[in-house]
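Working notes, structure below.
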Amino acid sequence: MKQSCSNNIITKLTFILLSLSLLTSCQEGYKKENDQWVWISYDEAVGKRVANVKSADLKTFKVLKNKNYAVDKNYVYYRTQKIKNSNPKTFSVLTDNGYSKDDKKVFLDWHEIVNANPKSFELLSFPYSKDDNDVFCGTLPLHLSKDEINEFRVINMSTARSTILLSHFIEQNPGFNWLDTLNIDGVIVNEIATAKTEKRNFKGYREIIIHNEKQ
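Those letters in the sequence shown? Residues 763 to 977, by this note's numbering.
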């Protein structure tokens with residue numbers, strides 16, 4: 763009987779150790795391999811993926827506390843992506859869901875939130891945020907007045923996000939062709955969440971017209 767109990771305990775401990783080993787080995791993150799930094803991820807269909815962190819400076823590369831981010835003497839990185847126009851000397855992570863900033867800009871994942879002021883930037887319910895000059899959906903400004911910023915309320919939040927190459931986004935949304943004058947490569951948007959001011963209604967980044975039913 764004692765032998766049977768001992769065997770059961772050993773079996774359970776072995777299972778626990780194997781499970782912990784598998785969990786540890788399947789963690790996403792940065793790793794130094796063959797004198798270069800890589801980002802390791804796992805996909806159910808493909809399995810382990812290894813991607814080089816391009817432009818990473820081997821000597822000064824440092825993984826931050828939020829392990830989705832790293833910095834070196836030249837750049838800030840979000841996973842495999844270089845955060846364009848960011849300053850590694852003043853960079854800080856704001857949240858665990860992709861918001862960060864430096865002394866001049868605010869970012870979502872690796873894209874700049876257009877014209878956001880890092881000094882007055884505030885998070886609302888995702889995907890909305892604001893500063894002293896505007897409200898943003900993902901990385902896009904909604905172009906609201908000061909009164910509308912104060913009135914703005916999120917009705918339904920949504921964690922969904924779509925990262926779109928700038929040229930494709932402008933092709934689908936010609937009214938945003940002014941984005942092409944900026945030094946950005948793409949945008950992050952949400953088309954599900956809803957919000958409103960006293961006189962305007964929004965679904966994602968788009969303003970919508972709600973017709974009142976006739977009495």
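Cβ coordinates follow ideal geometry from the N, Cα and C atoms, glycine included. All values derive from a computational prediction rather than experimental measurement.
If you draw a straight line from the alpha carbon of residue i to that of residue j, how long is it in whole angstroms?
i, j, result
"V949", "L902", "7 angstroms"
"T925", "W801", "19 angstroms"
"L784", "E806", "Residue placement at L784 is flagged as unreliable, the pLDDT there being 42, under the threshold of 50; a coordinate-derived value is accordingly withheld."
"T786", "F823", "Interpretation of T786 is limited by its pLDDT of 43, a score under 50 that renders its predicted location unreliable; the figure taken from the coordinates is listed afterwards. Between T786 and F823, the C-alpha separation is close to 23 angstroms."
"E969", "K958", "9 angstroms"
"Q977", "F964", "Summary for Q977: the model assigns pLDDT 43, below 50, so the residue's position carries little reliability, and this model does not support an answer."
"D819", "D797", "10 angstroms"
"N828", "F869", "15 angstroms"
"T857", "E795", "28 angstroms"
"S781", "W940", "Because the pLDDT at S781 is just 43, under 50, the model does not fix this residue reliably, and the value given afterwards should be weighed accordingly. If I take the Cα positions, the gap works out to 52 angstroms."
"F898", "E874", "11 angstroms"
"I845", "V815", "12 angstroms"
"N836", "V951", "28 angstroms"
"Y804", "I971", "43 angstroms"
"R962", "A922", "22 angstroms"
Look at residue i and residue j and say whether their C-beta atoms are less than 8 angstroms apart.
i, j, result
"D865", "P880", "yes"
"S848", "V855", "no"
"F888", "N859", "yes"
"L927", "F914", "no"
"Y792", "V833", "no"
"V916", "A878", "no"
"I932", "F938", "yes"
"G900", "Y967", "yes"
"W872", "Y840", "yes"
If I'm right that residue i touches residue j with Cβ under 8 angstroms, what's the distance once you round it to whole angstroms?
i, j, result
"F883", "K863", "7 angstroms"
"L904", "D896", "6 angstroms"
"A813", "T842", "5 angstroms"
Give the DSSP bridge partners of residue i, in chain order.
i, result
"Q843", "Y840"
"L885", "S891"
"A818", "Answer by DSSP bridge pairing: none, since A818 is not bridged."
"I970", "N963"
"H873", "L870"
I'd like the span of the beta strand (DSSP E) that includes residue i, first residue to last.
i, result
"F898", "V897 to C899"
"D805", "Q798 to D805"
"K866", "That residue, K866, is in no beta strand (DSSP E); it is neither H nor E in DSSP."
"N918", "R915 to N918"
"V808", "Neither: V808 is in no beta strand (DSSP E) and is coded neither H nor E."
"E795", "G791 to E795"
"I950", "G948 to V951"
"Q832", "Note on identity: in this sequence residue 832 is Ala, with Gln being the wrong assignment. First-last of the beta strand (DSSP E) with A832: Y831 to V833."
What are the boundary residues of the alpha helix (DSSP H) that residue i is part of?
i, result
"F931", "L928 to Q934"
For residue i, decide whether its Cβ has a neighbour in chain B, counting only Cβ atoms nearer than 8 angstroms.
i, result
"S803", "In the structure shown, chain B cannot be found, because there is only a single protein chain."
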